[in-house]
Every structure is written in structure tokens, then in C-alpha cells.
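Worksheet: the structure to be examined is printed underneath.
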Amino acid sequence: MSQILTLDCLKIGRSAKVIQINHTGSIRRRLLDLGLVPGTIIKAELASPFQDPVAYQIRNALIAIRKEDSRNILVEEL
Amino acid sequence: MKKKIALAGNPNVGKSTIFNALTGMHQHTGNWPGKTVSQAIGEFQYRGMEYELIDLPGTYSLISHSEEETVTRNFLCFEEYDAVIVVCDSLCLERNLNLALQILEITPNVVVCINLLDEARKKKVMINLELLEKKLGVPVVGTEARKKKGIDCLLEKLHSLESERKKPTKVRYSRKVEEKVMELEAILKKKEITDIPLRWLALRLIEKDPVLEKEITDHWKISLSEDQAISKVLETNSDIGKDIFASAIMQKSEQLTKEVVSYQNPDYEKRSRKIDKILTSKRTGIPLMLLMLMVIFWLTITGANYPSQLLFDFFSHIEGYVVNFLEFISCPSWLNSLLVGGIYKTLSWVVSVMLPPMAIFFPLFTLLEDLGVLPRIAFNLDKGFQKCCACGKQALCMMMGFGCNAVGVIGTRIIDSKRERLIAILTNNFVPCNGRFPTIIVMISMFLVAANSSGIASISQVLWLTFIILLGIGMTFLISFLLSKTLLKGLPSSFTLELPPYRKPQFFKVIVRSIFDKTLHVLFRAVVVTIPAGTLIWLLANISIGNMSILAHVNNFLDPFGKMIGVDGVILTAFLLGFPANEIVLPIMLMSYLSLGTITDYASISELKTLLIDHGWTILTAINMIILCLFHFPCSTTCLTIKKETGSIKWMLYSILIPTICGIILCLLTTFFFRLFN
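Keeping their order, the protein sequence lines are chains U and R.
For the first sequence, my numbering assigns the number 1 to the initial residue and increments by one for each residue that follows.
For the second sequence, my numbering assigns the number 79 to the initial residue and increments by one for each residue that follows.
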């Protein structure tokens, strides 16, 4: 059963499909450039010692995103 | 005619290695006109043809966010060039091809260079280069730039690019977009726009990038968005989704990658992930970072001792000959004294104190950098910077500051937000640079650690030093926080940080590079500022007004204030005169105490300690000396760099005032409590 959640709630080690990016402006564009377009499969890979930011596996690269920013990304857990 | 070639690519794909492999020593660096973005241009020849190679700042896409990305975008869109080499990371092809596809929309004269093939082979990732070439419709070359493999092939493809039949692949967008593109192209054809594909321009008009629109207006002196025919087409634009451009290109590169890449070992990143888990976990992440810091300090301190002594001995041995020589050419005795006592002694002090620790510290640091550890440290510390409303990349600049604060200030260019960059610049001086380490270490070994040369003593030295560094880092956080609440009010901007794969550093190259690029560079600048400083100090100490030298007058004048903050006038004068280079603070101080006309060497730590105690030093003086060393105005080079990077004297003055005030307040506090309990 699939479940829609915001990216910051995705547990470490789990994968998800990007549904929607609710950002505007330059961060939206930055995320798109990094390959975070709707439909992309990403995986929560690493949490930093204070649990924020979290590094995600996005198209073979490891990208750290702050919770503040991942909160506005909707994903479907796989 | 020279051919102009641009070199583009994502950050961290070995672009500069390719640049070096192609141009060798024939390169010059500077800044892009009007920008604080460094520019590298090189030259090379191949088969009788002359080429000029322009290294563009690394970028993820042509829609720009930072100053560096704007430079790249504007160059590719508006400048004239013959070809572009797009460098791609073989392990991250999807995202890299994304940029290549975007560039192909601007120009068909592209050679795609798939770099780091050795890394891919090691991880059993196979890339079908012929197929990729066929699919992209432009030449594709595989390279291992670090081993100089594939460079010949790259040159050959570049050489034959002109005669080649290129049919660059096109990204197709939705029917609605393509219809609009056709309409717009028809309108644009009537305008006098020659040097850019109209399809690209039409796409950007539909995308509505206000920054780019302004650049287009500036460049061609026409306002496209005000054109009636164009705005009519764009009017019915609202039903086109915002991300379709980014998505369409990304999907195309995803599909291409699927076709040409095969993974024989899907778990190839397992080891990297294991190391990552240890380096960034809740329990071990921070302690391991501290341990790493301490090991580096320990190696620097213990490793530098012996060569420092050797250099000291060498210079004092030579000194006799220099004096004799000057006498031989019948140089007047005052000039002799100025040249030897003023300049030569200051210079030899700076070189012997600075050179050995730098020659150890910089290579070690560069090794960490090459390994890919630094981004992990920024990742671990980001939460702290987030709380301070600052950027996590500030951690990287802070670490560069350990080497040299001026370098750290230049390093803040990686921070996109102007506000966050200013915070990083103003707080960079809170971590001690290599020039300040020796003073701190001497203070620790004299007053905080029992003076003997056993291994335990040097470990407790390292512990103290680490504690002092942590104090500096703590202050960085505190001041960043306060700045975000007052002078530089604002919320943290969004931030993404790439953690690149670990790479095996090339030891030999790292050592050569860090010694030539960093160590000698910093040493050279220290020497340049030391010569006038040495002269000034000599003059102050040797010209008397009344029955005292000017230096003594200054010392006496500053003494009451010095006493108030728990030090003395001599120490304050030394810091003031040490403005050109922090390394000379300690020798100036000793010179004043000994009332000698020249900079003095101290024979041993215990002799030095006796001298200081004779002049009323207590443990409080030593502690406050350390505090002032950590928190005072940046050296002259750093100040100039700050002025250049911020383009304003105001911020330079702030960068002088903030740490100085912090230092004075802290000294007042320690003095108050010390006197309270004694």
C-alpha cells in the first residue's frame, strides 16, 4: 500500500517517488536542477548527527536537504 | 586565428584536471570582469592550430542562481566561442547529461567528455560511449584526466569538430509548448537576432525567467517581453506547467542514461555508505571530527618542532655572514643595523615559525579535501548554522580559515545568499589561522602545561589547543546568530549540499600542489608585509624621544588600558604592530620586554617564561593573551580581501570591530573573575 507523505517524514533507508514540489523561486529551480523532478525515485540515505539535514540519494548523487526545505516536497513511499 | 573553447560542467567533475591536462603551464587566472568569480584561461596547440580554453565556473544548469552560475550562463548565451567541452561525471551521468542537453539547445558545437571513467570501472559501471555519441549526435570522449588518459582523443575530436556532421539531439516538449515555440520562432525571425538559436530563445520566453529576460534586453537592446506579437503568444501561457522544461530535459537524460549505462555491481556504493554512516552518525560523527582535528594539530605541532629549530639555527648561522658582508661593502652602521636587526631578523623569525607548520598543515588539509571529507563536516555541523540562520557551507569556509583567513574569506564565494555570505566573511576571523597557531601554542606550553618534552605534555597541549579552537568555533556560531538577529537580519535561505563520493587522493600531487599553491603563496605574502613591518618596528625601537624609544612611549601609553583588561601595554602594542602579519606579534612583544632594538629569539621555553614572569606575567596574562590572539582584528591581507570581496569599507570596519570588541569583553570578564577569586 502506498502512502503520500512529506519528504522530511521519509524514514532513513526508505525509498519514495517524488509527487510534487511545493516550493517557489530559486530553491524550486535548484531542486529541479539536481534532478528532483516529479516521478523521480529517491532514497533517504543518511541523517546528520542532529537528524537535520538528511542526505538523499538523488540520481546517483548524495544531496543533503534541510528539513525546512524537505517539508515542502510531497512523495509517495514505495 | 585562435579558436576559443569553453569548458563547462557540473561542480566536482574534474573540470580543472582536464583544464590542467590540456593547457599545462600555459594558463593565467584572474576575476571575471566586474564579478568576484575567478576566471582561468589557458592556451594550447594541437596540429598547428592554436586554442584558447576558458574554464567556466561549475554549474548544474543554465538557469542561474549564484554569481558563478550567471557567469557561465551569460558566457554560453552571449559570448562568441568556437566550441564547448562539456565535462560529465561518469558515475552521475543523469544529472550531468542534463546540463549537456541544455547546452546543446544553445550550440551544436559540443564535445561531451565523460570523465572519471577509472572510478566507474572500479565500481563496475559500464558506459557505452559509442551509443551515447550516436544518441546525442555530437562527439563523445571518455577520459581519465587524473591519469591523462583520453586527452589525445579529446584533442582529436575537438580538432575535427568543425568538419564533422553534427545532428544534436533535441529535447521535445509537449505539443502545446512546441506549437508556441513555432509561433515565437516565426516572430523572432523578423528581429535582428543572429548569434543564438531562436528555438532556445523562444523556449526561454515561454519559461519566463525574469533574470534572463533582463540580460537579453541588456545584450540586444530590445525588449522582447514588451513586443506585442510576442506577449500575445505568451498570454495563453498559463496552462503550461512550471516545471515542464526541467522535467522534459531530465527525463530525456534519464532515458539516455538507461540506454548507455549498465551496472554489473548494483551495490557499488556500499563501502562509501558504510564510511558515511560512521562519519555522520549521531554517536560517532562529532567525536570523530574532533579526533581528526586533534590528530592534524598533533602532527602539525610535533612535526614542525624540529624543522623550525633547524631553520632558526640556519638563519642565525647565516646572520654573521650577512653582517660581515655589509661591513665589507662599507655599509653605514645604522643601515647595517636596520637591515640585519630589523628586516633580516623579522624575516627569519617569520619563515622559521611559519613555514614548517604550514608545510605540514596545508597538505594534510588538502588530503581531507581530496578525500571528500570536508562536505561531510559541513553536513554534520549544518544544524548549528541553521539555528544561527546561516548557511551550512560556512563550515567549509571556516575550515579554510584554519589555513589562512584571507583564503577563507575568498572561499565564501560558494555561498549563494548575500546575507549568509556576509555572515561567513565577518566571522571567518574567529578561527585562528596558521600565523596565530604558534603564539597560542607557545602560551599553552609555557603557562597551561607543565613544561617538559614528554609525550603526555604534547597530548595535553593538543587538548588545550582543541579546546581553544572549539572556543573560536563556538564564538563563530554565537556571532553568526547575533548578526542574523541584528545587522544582517533574515531567515536562512534554502540550501542543498552535495556529498561527493570518496575519492582516493593522489598523495604526491596533493603535496606538491599544496606546497606550491598555498604554502609558498602564503609565505610570500608574509615576507612581503614583513619587510616594511620589520623596518617600522626597528625605527620605533631605535628612535628616541626624550630618554625613551618611541616604542616604549607607545607601550607606556597603552599600559593603563592593557592593565584594565588583564594584559599590559607591551602586549597591546605587539598586536597593533602585528597588523601586517600575526606571526610577528610574539617577537615584537619579546623585543619590548628586553628593551632591545631588534627582534629577539628565545633560547628555550623556560628562559622565556622567566623573562615574562619578571615582567609581571601571571596565568591570567597568558590566558588573556590567548583570547586576544583568537579574537582581534584580522591581519592586513584579510582586511584587504574583505574589502575586495564585499566591495565596501563598511563591512571591512565591522570585520575589524566585531572580533576586537569580543576579545576585549572576554578579557574584561576573565580579569574580573580572576581578581574576584584571588
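We put the CB at the ideal spot given by N, CA and C, even for glycine.
Subject >> R/Tyr671 versus R/Asn660, R/Trp695, R/Asn187, residue with shortest Cα-Cα distance >> reply: R/Trp695
Original post:
U/Asn60 touches chain R at which residues, Cβ-Cβ below 8 Å?
Top reply: Leu169, Cys170, Leu171, Glu172, Arg173
Original post:
Going by DSSP, which residues form a beta bridge with R/Gly87?
Top reply: R/Val165
Original post:
With burial defined as no fewer than 16 other Cβ atoms inside 10 Å of the residue's Cβ, what is the status of R/Ala456: buried or exposed?
Top reply: buried
Original post:
At least one CB of chain R closer than 7 Å to the CB of U/Gly13: is that the case?
Top reply: no
Original post:
Counting Cβ pairs closer than 8 Å, one from the region 395-402 of chain R and one from the region 330-340 of chain R, do we hit at least three?
Top reply: no
Subject >> R/Asn109, enclosing beta strand (DSSP E) - first and last residue >> reply: 105-109
**OP:** Would you be able to state if there are at least three C-beta pairs under 8 Å between the region 170-188 of chain R and the region 30-49 of chain U?
**Re:** yes
**OP:** Closer than 8 Å by beta-carbon distance: list the chain R residues that pair up with U/Ala16, in chain order.
**Re:** Under the 8 Å cutoff, chain R gives no residues; its nearest Cβ is about 17 Å from U/Ala16.
Original post:
Using DSSP with H/G/I as helix, E/B as strand and the rest coil, what is R/Phe711?
Top reply: coil
Subject >> From R/Thr564, R/Thr554, R/Thr517, R/Tyr346, residue whose alpha carbon lies closest to that of R/Gln539 >> reply: R/Thr517
**OP:** Report the neighbours of R/Asp448 on chain U: residues whose CB is nearer than 9 Å to its CB, in chain order.
**Re:** The contacting residues do not exist; R/Asp448 stays about 17 Å from chain U at best.
Original post:
So, is the C-beta of U/Ile41 closer than 7 Å to a C-beta in chain R?
Top reply: no
Original post:
Closest Cβ-Cβ distance between R/Glu576 and chain U: below 7 Å?
Top reply: yes
**OP:** Have a look at U/Ile58 and U/Gly13 and give me their C-alpha separation to the nearest angstrom.
**Re:** 13 Å
**OP:** Let me know the secondary structure DSSP gives R/Met79 once reduced to three states.
**Re:** coil
Subject >> DSSP-derived helix/strand/coil call for U/Gln3 >> reply: strand
Original post:
Listing by chain order, which chain U residues have their CB less than 8 Å from the CB of R/Tyr138?
Top reply: Arg30, Asp33, Leu34
Original post:
What does R/Arg591 reach in chain U if we use C-beta pairs closer than 8 Å?
Top reply: Neighbours of R/Arg591 on chain U: none; closest Cβ ~26 Å, over 8 Å.
Subject >> Neighbouring residues, chain R, relative to U/Val75 (Cβ below 7 Å) >> reply: Within 7 Å Cβ-Cβ: nothing; U/Val75 doesn't reach chain R, min ~15 Å.
Subject >> Cβ-based contacts, 7 Å cut-off: residues of the region 321-333 of chain R near chain U >> reply: Asp321, Ala324, Ser325, Met328
Subject >> R/Trp278 versus R/Ile181: straight-line alpha-carbon distance, rounded >> reply: 10 Å
Original post:
In angstroms, rounded to a whole number, what distance separates the CA positions of R/Ile192 and R/Val165?
Top reply: 6 Å
Original post:
Would you call the CB atoms of R/Val607 and R/Pro658 closer than 7 Å?
Top reply: yes
**OP:** Please confirm if the region 122-134 of chain R is in contact with the region 96-108 of chain R, defined as three or more CB-CB distances below 8 Å between the two stretches.
**Re:** yes
**OP:** Helix, strand or coil for R/Glu121, going by three-state DSSP, please let me know.
**Re:** strand
**OP:** Answer with yes or no whether the minimum CB distance from U/Val37 to chain R is below 7 Å.
**Re:** yes
Subject >> Beta carbon of R/Gly656 nearer than 7 Å to that of R/Ile662 >> reply: yes
Original post:
Which residues in chain R sit within 7 Å of U/Ala55, going by Cβ to Cβ distance?
Top reply: Phe457, Leu577
**OP:** Using three-state DSSP, classify R/Cys191 as helix, strand or coil.
**Re:** strand
Original post:
Would a check of beta-carbon distances place U/Ile27 closer than 7 Å to chain R?
Top reply: yes
**OP:** Answer yes or no: does any C-beta atom of chain U fall closer than 7 Å to that of R/Lys461?
**Re:** yes
**OP:** Please report the Cβ distance between R/Leu566 and R/Leu500, rounded to the nearest whole angstrom; I am assuming they are in contact, meaning their Cβ atoms lie under 8 Å.
**Re:** 6 Å
Original post:
Between R/Lys423 and chain U, is there a C-beta pair that is closer than 7 Å?
Top reply: no
Subject >> Neighbouring residues, chain U, relative to R/Arg349 (Cβ below 7 Å) >> reply: Going along chain U, no residue has its Cβ under 7 Å from R/Arg349, so there is no contact; the nearest lies around 14 Å.
**OP:** Using three-state DSSP, classify R/Gly220 as helix, strand or coil.
**Re:** strand
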